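Heads up, the thing below is written out as structure tokens.
Residue numbers (UniProt numbering), protein chains in the order written: chain V, 1 to 375; chain Z, 1 to 375.
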């Protein structure tokens with residue numbers, strides 16, 4: 001078989017592994033999504049994916065199914081979207097399992113992002129005489145685990161911007177009224193994001209203006225942590241994020257000045273609100289993210305408003321996002337633009353959104369972008 | 001044959017006629033685009049379209065080709081996107097030609113929009129015993145001749161808005177700098193529009209800020225009329241639209257106060273600029289359009305800037321348009337928004353763009369819209 005044909009075959013099965021990996025979305029967090037396919041004589045004889053946090057790895061499912069379908073795997077190839085693990089964690093190392101099952105070849109998408117273990121899985125395989133091919137559909141494989149890759153490497157949560165604007169860039173009328181900008185199809189996608197990321201973040205002005213619940217209305221979905229950036233602690237007991245805190249996932253990021261105040265102690269004890277305290281009242285976004293990362297939140301959906309979004313662009317902390325644009329014009333310059341505060345003499349000083357892709361939601365459109373790449 | 005199958009067949013051939021009609025784009029103006037197909041025994045035996053202004057009608061080409069391919073058309077059907085004409089104009093009436101050639105059936109898309117002759121073509125056909133079916137793919141057929149339909153019915157030019165904005169709705173930085181907002185692919189589409197419409201319109205501030213040439217850089221394209229709304233006659237001799245006026249298609253719309261001034265007479269005589277004079281210095285957009293329509297211009301591409309666009313929305317004179325959105329954020333509220341001056345308390349008071357369709361230009365997107373329908 002020619003090298004080119006082999007390459008096409010490898011891509012084909014890796015694509016199947018990628019689709020399998022995606023099935024773990026929302027359930028494996030903070031583990032990575034991984035898919036695996038075992039192929040022998042051009043037939044798929046085993047498939048698997050990482051199904052839930054702490055559960056068996058994708059390779060385990062695929063290898064065990066393959067063993068049931070074939071007595072001899074010495075001519076089989078395993079395709080796996082992420083380098084098989086080399087360490088004893090919640091499960092024994094997958095690289096060793098591949099060796100033990102006697103496969104001929106292992107094709108890998110992404111390398112392990114953890115610098116401490118990267119390459120070790122490949123080493124175990126090669127030492128055992130297994131043929132290894134790396135980086136097949138690497139960028140596609142990397143793409144599905146950006147949150148995991150960033151967080152494991154930096155301990156800083158992945159920051160995804162969601163914003164709904166009119167054609168003239170407004171997120172609210174001058175009165176603060178903002179219901180609704182986009183249509184239902186676009187708003188459903190927002191629910192998807194609220195389920196995908198571990199936390200949602202808004203500024204205090206958004207709480208005061210919209211009184212949002214910030215829950216994920218997705219069937220069987222897990223509600224995200226609700227993070228309010230509120231330096232002067234203006235959040236009230238009657239706000240929905242406080243009243244609807246039965247899951248105890250509301251977090252207020254506020255000034256150290258408010259620590260142990262009567263109000264803060266009451267919120268902690270009676271409303272079960274968690275607090276993150278920072279110095280001063282003008283927080284650095286980087287510092288906010290570091291603190292949120294420390295408490296184990298690996299990803300944040302930033303939902304607004306103007307001041308927080310502008311600061312996020314200013315500090316260049318946004319990893320990716322989607323901006324939903326409505327077929328609607330406010331036409332009032334006193335309305336609130338989604339971003340402000342930059343000083344630009346020239347058009348070519350404008351910020352560029354990279355790796356743009358458009359999603360059409362009926363009469364609305366979403367500009368999806370990716371500013372940073374991990375792994 | 002069942003009625004349903006017949007219906008499908010009629011749609012199929014009408015679609016071919018529509019594609020033929022579109023070939024006349026840019027050349028038949030101010031005539032309508034028309035396509036015709038003659039079908040016999042489920043075979044196309046003649047096709048035609050209106051090729052150039054004043055030239056033979058689509059039916060003539062299609063019928064003559066059909067006559068060369070068949071001695072007997074008594075079982076033939078002609079599909080035509082627009083009701084065959086009934087009057088003696090530059091060419092003899094097509095309805096009579098269809099009768100004379102002895103066809104069995106005539107399938108029509110759009111009715112004639114001219115109230116004086118609408119239905120008369122159909123009447124001639126029916127009186128001669130020809131079976132007539134109307135309104136097949138009517139909305140598609142209407143769509144290709146919106147400019148013609150509006151202008152023949154109202155004598156008001158069709159107004160199409162083109163606007164390039166950043167994601168935050170800006171058309172320029174606070175300094176007026178605006179080069180470039182969109183990418184080359186999007187800017188090529190603008191050239192297509194400049195060739196499609198008979199005139200381009202801008203406000204004087206756009207001339208002062210950008211000094212545009214407003215020419216259509218399309219191969220074999222015809223330059224549009226260049227219309228500047230300039231109440232106080234600020235356009236100078238060194239502006240490109242004056243210097244590059246060898247085709248004598250620059251029109252300045254200005255106050256009657258400037259009529260017969262030294263500058264005006266000089267521009268008329270030496271720069272070959274045409275003038276439209278209006279009362280006062282704050283013009284009504286409707287009045288501008290009426291005057292432009294009077295001099296025979298059937299369609300206008302409105303290119304800016306903020307003040308003219310805002311007024312066009314205010315007076316509800318925009319028929320359709322495309323707003324090009326760049327993957328770029330200015331972030332400066334002192335930058336110029338494409339529209340301003342409305343007073344909106346609530347988001348649901350926003351103006352809606354109707355019949356929206358998105359065109360993707362690499363990293364930019366175009367929101368195409370259609371506010372009004374003619375015929």
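By construction, the Cβ of each residue, glycine as well, lies at the ideal position given by its N, Cα and C atoms. Quick caveat, the model's predicted, so the values are computed rather than measured.
**OP:** Just the C-alpha distance for residue 296 of chain V and residue 148 of chain V, rounded to the nearest angstrom, thanks.
**Re:** The residue labelled residue 296 of chain V in the question sits at position 296 within the first chain. The residue labelled residue 148 of chain V in the question sits at position 148 within the first chain. If you take the alpha carbons of residue 296 of chain V and residue 148 of chain V, they lie about 12 Å apart.
Original post:
chain Z partners of residue 345 of chain V, CB-CB under 8 Å?
Top reply: For the purposes of this step, residue 345 of chain V is taken as the residue at position 345 of the first chain. 173, 174, 175 and 177, listed in chain order.
Original post:
What three-state label does DSSP hand residue 69 of chain V in the structure shown?
Top reply: Locating residue 69 of chain V in the first chain gives position 69, where the first residue counts as 1. Three-state DSSP puts residue 69 of chain V in a helix.
Subject >> For residue 336 of chain V, three-class secondary structure by DSSP >> reply: In the first chain, counting from the first residue as 1, residue 336 of chain V sits at position 336. Correct three-state label for residue 336 of chain V: strand.
Original post:
CB-CB under 6 Å to residue 211 of chain V, same chain, minus the five flanking residues each way: which ones, in chain order?
Top reply: Residue mapping note: residue 211 of chain V aligns to position 211 of the first chain, counting from 1. So the qualifying residues of the chain are 239 and 240.
Original post:
For the beta strand (DSSP E) that residue 46 of chain V lies in, which residues bound it at each end?
Top reply: Indexing the first chain from 1 puts residue 46 of chain V at position 46. 43-49 is the span of the beta strand (DSSP E), which, as asked, contains residue 46 of chain V.
Subject >> residue 116 of chain V versus V:110, V:153 and V:105, residue with shortest Cα-Cα distance >> reply: Taking the first residue of the first chain as position 1, residue 116 of chain V is located at position 116. When each option's Cα is compared against that of residue 116 of chain V, the closest is V:153.
Original post:
Are any of the Cβ atoms in chain V nearer than 8 Å to that of residue 318 of chain Z?
Top reply: Your numbering for residue 318 of chain Z matches position 318 in the second chain. False, the Cβ-Cβ gap to chain V never drops below 8 Å.
Subject >> DSSP-derived helix/strand/coil call for residue 371 of chain Z >> reply: In the second chain, counting from the first residue as 1, residue 371 of chain Z sits at position 371. Of the three classes helix, strand and coil, the one that applies to residue 371 of chain Z here is coil, per DSSP.
Original post:
If you run the structure through DSSP and keep just helix, strand and coil, what is residue 214 of chain Z?
Top reply: Numbered from its first residue, the second chain carries residue 214 of chain Z at position 214. The answer is coil: DSSP assigns residue 214 of chain Z none of H, G, I, E or B.
Original post:
My guess is that residue 37 of chain V and residue 16 of chain V are in contact by the Cβ rule of under 8 Å, so how many angstroms apart are they, rounded?
Top reply: Here the question's residue 37 of chain V lines up with position 37 in the first chain. Here the question's residue 16 of chain V lines up with position 16 in the first chain. Confirmed, about 5 Å.
Subject >> Beta-carbon proximity of residue 79 of chain Z to residue 107 of chain Z, cut-off 8 Å >> reply: Translated into positions along the second chain, residue 79 of chain Z becomes position 79. Translated into positions along the second chain, residue 107 of chain Z becomes position 107. In this structure, residue 107 of chain Z lies closer than 8 Å to residue 79 of chain Z by Cβ.
**OP:** Flag this pair as yes or no: are the beta carbons of residue 312 of chain Z and residue 208 of chain Z separated by less than 8 Å?
**Re:** Taking the first residue of the second chain as position 1, residue 312 of chain Z is located at position 312. Taking the first residue of the second chain as position 1, residue 208 of chain Z is located at position 208. The answer is no: Cβ separation not under 8 Å.
Original post:
Taking the C-alpha atoms as reference points, what is the distance between residue 347 of chain V and residue 276 of chain V?
Top reply: Locating residue 347 of chain V in the first chain gives position 347, where the first residue counts as 1. Locating residue 276 of chain V in the first chain gives position 276, where the first residue counts as 1. Going from the Cα of residue 347 of chain V to the Cα of residue 276 of chain V covers about 39 Å.
Original post:
Are the C-beta of residue 283 of chain V and some C-beta of chain Z separated by less than 8 Å?
Top reply: On the first chain, position 283 is the one that residue 283 of chain V refers to. Chain Z, which has no Cβ nearer than 8 Å to the Cβ of residue 283 of chain V, makes this no.
Original post:
With 8 Å set as the bound, which would you pick, yes or no: does the beta-carbon of residue 373 of chain Z sit closer than that to a beta-carbon of chain V?
Top reply: Counting from 1 along the second chain, the entry for residue 373 of chain Z is found at position 373. So, not an interface residue.
Subject >> Per-residue contacts from residue 327 of chain Z into chain V (C-beta, under 9 Å) >> reply: Locating residue 327 of chain Z in the second chain gives position 327, where the first residue counts as 1. Correct list: 352, 353, 354, 356, 367 and 369.
Original post:
Taking C-beta to C-beta, are residue 293 of chain Z and residue 113 of chain Z nearer than 8 Å?
Top reply: Within the second chain, the letter at position 293 stands for residue 293 of chain Z. Within the second chain, the letter at position 113 stands for residue 113 of chain Z. Taking 8 Å as the Cβ cut-off, residue 293 of chain Z and residue 113 of chain Z do not qualify as a contacting pair.
**OP:** Could you work out which residue in V:308, V:358 and V:345 is closest to residue 174 of chain Z when comparing CA atoms only?
**Re:** Mapped onto the second chain, residue 174 of chain Z falls at position 174. Of the candidates V:308, V:358 and V:345, the one whose C-alpha sits nearest the C-alpha of residue 174 of chain Z is V:345.
Original post:
How is residue 344 of chain V classed by DSSP in three states: helix, strand or coil?
Top reply: The sequence position of residue 344 of chain V within the first chain is 344, counting from 1. Correct three-state label for residue 344 of chain V: coil.
**OP:** Please list the partners that residue 337 of chain Z has in chain V, where partner means a Cβ-to-Cβ separation under 7 Å.
**Re:** Here residue 337 of chain Z refers to the residue found at position 337 when the second chain is read from its first residue. Simply 168 and 333.
**OP:** Using three-state DSSP, classify residue 75 of chain Z as helix, strand or coil.
**Re:** Along the second chain, one-based indexing puts residue 75 of chain Z at 75. Residue 75 of chain Z: coil per DSSP, three-state reduction.
Original post:
Taking a cut of 9 Å between CB atoms, which residues from the segment 280-310 of chain Z lie near chain V?
Top reply: 310
Original post:
In three-state DSSP terms, what is residue 107 of chain V?
Top reply: As a position in the first chain, residue 107 of chain V is number 107, starting the count at 1. Looking at residue 107 of chain V - three-state DSSP - the assignment turns out to be strand.
**OP:** Compute the distance between the beta-carbons of residue 286 of chain V and residue 251 of chain V, then report whether it is under 8 Å.
**Re:** Here residue 286 of chain V refers to the residue found at position 286 when the first chain is read from its first residue. Here residue 251 of chain V refers to the residue found at position 251 when the first chain is read from its first residue. Taking 8 Å as the Cβ cut-off, residue 286 of chain V and residue 251 of chain V do not qualify as a contacting pair.
**OP:** Run the proximity test for residue 343 of chain Z: is its beta-carbon closer than 7 Å to any non-hydrogen atom belonging to the ligand FMN?
**Re:** In the structure shown, the ligand FMN is absent, as is every other ligand, since no ligand is present at all.
**OP:** Could you pull out every residue in the same chain whose Cβ sits closer than 8 Å to the Cβ of residue 75 of chain V, ignoring the five residues on either side in sequence?
**Re:** Counted from its first residue, the first chain places residue 75 of chain V at position 75. Once the five neighbours on either side are set aside, the close Cβ partners of residue 75 of chain V are 40, 41 and 104.
**OP:** List the residues of chain Z that residue 54 of chain V touches, going by C-beta distances under 7 Å, in chain order.
**Re:** On the first chain, residue 54 of chain V is found 54 positions in, with the first residue counted as 1. Those within 7 Å of residue 54 of chain V in chain Z number zero; the least Cβ separation is about 39 Å.
Original post:
Is the shortest distance between the beta-carbon of residue 321 of chain V and the beta-carbons of chain Z less than 8 Å?
Top reply: By 1-based counting over the first chain, the position of residue 321 of chain V is 321. No - not a single Cβ of chain Z is within 8 Å of the one on residue 321 of chain V.
Subject >> Close beta carbons around residue 170 of chain Z, own chain, < 7 Å, minus the five adjacent residues each side >> reply: Here residue 170 of chain Z refers to the residue found at position 170 when the second chain is read from its first residue. 330, 335, 336 and 337, listed in sequence order.
Original post:
What does residue 360 of chain Z touch in chain V if you count any residue whose Cβ is under 7 Å from its own?
Top reply: Looking up residue 360 of chain Z in the second chain gives position 360. Ordered by position in chain V, the residues that pass the 7 Å Cβ test against residue 360 of chain Z are 358.
Original post:
Exposed or buried, residue 77 of chain Z, counting other C-beta atoms within 10 Å across all chains shown (16 or more means buried)?
Top reply: As a position in the second chain, residue 77 of chain Z is number 77, starting the count at 1. With 16 or more other Cβ atoms within 10 Å, it is buried.
Original post:
Three-state secondary structure (DSSP) at residue 203 of chain V?
Top reply: For this step, residue 203 of chain V is matched to residue 203 along the first chain. Note: residue 203 of chain V maps to strand in three-state DSSP.
Original post:
Who are the near neighbours of residue 268 of chain V in its chain, counting only those whose CB is closer than 7 Å to its CB and skipping five residues on each side?
Top reply: Within the first chain, residue 268 of chain V is the residue found at index 268, counting from 1. So the list reads 275, once near-sequence residues are dropped.
Subject >> Where the beta strand (DSSP E) through residue 354 of chain V begins and ends >> reply: As a working mapping, residue 354 of chain V is identified with position 354 in the first chain. That residue, residue 354 of chain V, is in no beta strand (DSSP E); it is neither H nor E in DSSP.
Subject >> For residue 199 of chain Z and residue 57 of chain Z, the rounded distance between their alpha carbons >> reply: One-based indexing of the second chain puts residue 57 of chain Z at position 57. One-based indexing of the second chain puts residue 199 of chain Z at position 199. Each residue's alpha carbon lies about 25 Å from the other.
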